[in-house]
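Residues in the sequence shown are numbered consecutively from 40, following the numbering used here.
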Amino acid sequence: MPIPLSAETEVLARQLAAVRGQSIDEAVRTAVRDALARAEQPAAAGLTANQQAKVDRMLARVKALPPLDDGGDPDAALYDDHGLPR
Numbered sequence: 040m041p042i043p044l045s046a047e048t049e050v051l052a053r054q055l056a057a058v059r060g061q062s063i064d065e066a067v068r069t070a071v072r073d074a075l076a077r078a079e080q081p082a083a084a085g086l087t088a089n090q091q092a093k094v095d096r097m098l099a100r101v102k103a104l105p106p107l108d109d110g111g112d113p114d115a116a117l118y119d120d121h122g123l124p125r
């Protein structure tokens, strides 16, 4: 059964097909398949392999840092007992 398309969608599909050197059917099928594959991936998977590797390295560096010796107070490293910046 045909899917009714708006005029704009048809123009875009024809442009995509022309750019890719494909038939309209091939261009639309490929575009929808690619969009579906991206939509089914977890949110963080929107990163490229290179970006994910950078994130993983950064997280590893943060996890390797020693714990702050501040008794659990995140402001202790920034301010002295009088509330002044260190």
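Glycine residues also receive a C-beta, built at the ideal position from the N, C-alpha and C atoms.
| Check | Outcome |
| --- | --- |
| Using beta-carbon positions only, say whether A52 and V67 come within less than 7 Å of one another. | yes |
| Which value, in whole angstroms, describes the spacing of the CA atoms of L117 and P124? | 6 Å |
| Measure the beta-carbon distance from L55 to A70 and round it to whole angstroms, keeping in mind my assumption that it falls under 8 Å. | 6 Å |
| Over the uninterrupted alpha helix (DSSP H) stretch that includes D64, give me the two end residues. | 63-79 |
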